[in-house]
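Numbering (UniProt numbering), first residue to last: 1 to 485. Some notes on the structure that comes next.
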């Protein structure tokens, strides 16, 4: 059946284009061609001759070969019906076929990157081209695509991981914002409560002063009223005497004169200090309230940056202390965060000037404290040295104090410090360490600083429970100095 179909296909092929006839015409010599093929051939030859037998034709427009045209139409119709039946009866076995010849696509042209049937491979278009079986070409190309697909899949995996990290970071940002908002509200509530309490205390003092001075004025008014009453009575009695006739007046005058003389009272005194001391209550009120607030607020010269803290570290809400929890929290692996070592940085860096802070280390057997440059390695293993951007002092095994210089320097301390004072003089290129109890010197680094420096802290691991406790940045006393303008 296939051989018969192949034979019929060959009978329906134009000898010029090697394709199935399109608009077939017949020449006087009985040879048939596509109208466009024979016309193009004649244009090239400048003469009307048969492309096969070279016989000249007198017809400028050769007639359509109706018989051949009908055969071609019938062929395509039958082929379409046959293919439809095959697809209906066995869709899983249906094969792709040539859209031009209707034959199975068996070959692949490597030059044109096209799939061909047995008829296409003999056409002029693909003559002398590199052909291979379609299955073999598909296998090779699939392997190439698999090779090309591998890095794309790897990149997709990276993007999926990046998306996951971004989603986790977005969730962390929301949690951070909510927690920070809660702490801000709590801090302001403390300040609001202080102001409310201070306001009430000042209003109570005002009311007490008002009550005391009002009572004083009340007593003064009562005393004056008594004197007014006494004087009024004496005046009335005296006026009555004056209205008596002369003999009676003279008879009573001698007995009443001494009494009247004793009724004299002192003139009323003008009281001082009885008005409300407005200046005491309102004078520099805002400043005095603010000055009083210094006793309830705390100031530390350095605060910790939780975004740099290793996931095992716990930073206090006030950002002044840090400890190792031994449990690795799920936190974003942002570029600022330490990944391998349990470290944390101060939130503010320095590029000039003098700066100092004290760190309470207590009886911890291990800790590290000092300053580091901004560009230190935060993701891999760390080697403490000035060459790597670390100017730090460490304690190990409870009594081994070392300055991480080059080479490493062992330190001998007379007393075990409970606190370490760090002093940075950026301009003079010095980082010094002291015991603040007696200000005894521990060690000083002298180096050249080329970038921003940050306070550095490590409470070290507490995996076996032998290094508990936190490192805490100590607050400093705040005072107010008023300078005359």
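Ideal placement from N, C-alpha and C gives every residue a C-beta, glycine not left out.
In the DSSP secondary-structure assignment, residue 433 is bridged to 422, 443. When the alpha-carbon of residue 338 is set against those of 368, 381, 316, the nearest one is in 381. Boundaries of the alpha helix (DSSP H) harbouring residue 141: 134 to 243, taken from the DSSP string. Comparing alpha-carbon positions, the option among 378, 340, 426, 336 lying closest to residue 356 turns out to be 426. The closest CA to that of residue 112, considering only 483, 250, 132, is found on 132. Secondary structure note for residue 116: its beta strand (DSSP E) is the uninterrupted segment 114 to 116.
At a Cβ-Cβ threshold of 8 Å, residue 122 and residue 18 count as neighbours. Only exposed fits residue 251, as fewer than 16 other CB atoms lie within 10 angstroms of its CB.
Looking from the CA of residue 359, the closest CA among 137, 303, 81, 215 belongs to 303. The continuous beta strand (DSSP E) containing residue 321 extends over residues 321 to 324.
Ranking 411, 384, 63 by CA distance to the CA of residue 368 puts 384 first. Taken in chain order, the complete alpha helix (DSSP H) segments of 4 residues or longer contained in the stretch 25 to 95 are 35 to 45, 66 to 89.
The DSSP assignment places 278 to 282, 285 to 293 as complete runs of the alpha helix (DSSP H) inside the stretch 269 to 309, in order along the chain (cut-off: 4 residues).
In the three-state reduction of the DSSP assignment, residue 252 falls in the helix class, which pools H, G and I.
For residue 355, DSSP records a beta bridge to 424.
A direct Cα-Cα distance of roughly 30 Å separates residue 64 from residue 104. Boundaries of the beta strand (DSSP E) harbouring residue 403: 400 to 403, taken from the DSSP string.
Residue environment analysis places residue 471 among the buried positions, since at least 16 neighbouring C-beta atoms fall within 10 angstroms of its C-beta.
Assigned with DSSP and collapsed to three states, residue 368 falls in strand. Per the DSSP secondary-structure output, residue 378 pairs with nothing in a beta bridge.
DSSP, reduced to helix, strand and coil, places residue 386 within a helical segment of the structure shown. Nearest to residue 306 by alpha-carbon distance, out of 248, 331, 300, is 331. Selection 433, 390, 237, 479 evaluated against residue 401 yields 433 as nearest (Cα-Cα). Take the alpha-carbon of residue 308 and the one of residue 296: they are about 29 Å apart. The shortest CA-to-CA distance from residue 417 to any of 481, 365, 270 is the one to 365. Per the coordinates, the alpha-carbon of residue 374 lies some 12 Å from the alpha-carbon of residue 344. Annotated three-state conformation of residue 484 is coil, per DSSP. In the three-state scheme derived from DSSP, where H, G and I count as helix and E and B as strand, residue 11 is classed as helix. Per DSSP, the continuous beta strand (DSSP E) segment holding residue 410 begins and ends at 409 to 411.
Secondary structure note for residue 106: it is in no beta strand (DSSP E), with a DSSP letter that is neither H nor E. Of the candidates 464, 458, 478, 388, 388 places its Cα closest to the Cα of residue 448. With a cutoff of 8 Å on beta-carbon distance, residue 328 and residue 198 are scored as not near each other.
Under DSSP, residue 350 takes part in a beta bridge, and its partners are 453.
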